[in-house]
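For the sequence shown, the positions run -17 to -1, 1 to 132 when mature numbering (1 follows the signal peptide of the UniProt record, and there is no 0) is used. This report refers to the structure that appears directly beneath it.
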Amino acid sequence: MIFAALLALLYTRDASHELTSFKDCGSTAGTIQNVTVEPCSNPSDCELKKGTSPKIKIAFTPNSLTTQLKAVVHGIVKGIPVPFPLPNPDACKDSGITCPLSAKVPAVYEQAFEIKKSYPSIGLLIRWELRNEQDKDVVCFVSHVHIVE
């Protein structure tokens, strides 16, 4: 509810949004190989339908032994990050991976996330991070998405 209210408060129609595919935003403790969202027909401007639970898959490789991994997600509207709550922020549980993760061994993180019907129809950036036990980003990417009816 707080997420929806903040998005509605921050959003005004702005035709200057530049559409981009995902960009690494500081994965200092790992390397991203691939990011997919299902369903998503256009990876450079993914439409997330209200009332659904899309699934994200992130293929990555940690640089060093990783004993803990926490998912942190924000919607970014006009440069302002708004926390996006996940049902399971512990990326080591129920995500397709088990910690500890070995250095230089590829892994795939999977997480479904709810797009509530109460969210405004809006274009925004989403920033998805997987932070290790030292609070360093093993994964950090930003991508443009649209929340639609």
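Ideal Cβ positions, reconstructed from N, Cα and C, are used throughout, including at glycine. These numbers come from a predicted model, not from an experiment.
Query	Result
Sequence-distant residues of its chain with Cβ nearer than 7 Å to residue 79 (five each side left out)	91, 92 and 93
Cβ pair residue 122, residue 112 closer than 8 Å	yes
Alpha-carbon spacing of residue 23 relative to residue 39, whole angstroms	10 Å
Nearest to residue 99 (by Cα), restricted to the options 60, 117, 67 and 119	67
Between the CA atoms of residue 126 and residue 105 - distance to the nearest angstrom	14 Å
Residue 124, DSSP secondary structure in three states	strand
Three-way DSSP call (helix, strand, coil) for residue 88 in this model	coil
Exposure label - residue 10; buried when at least 16 CB within 10 Å	buried
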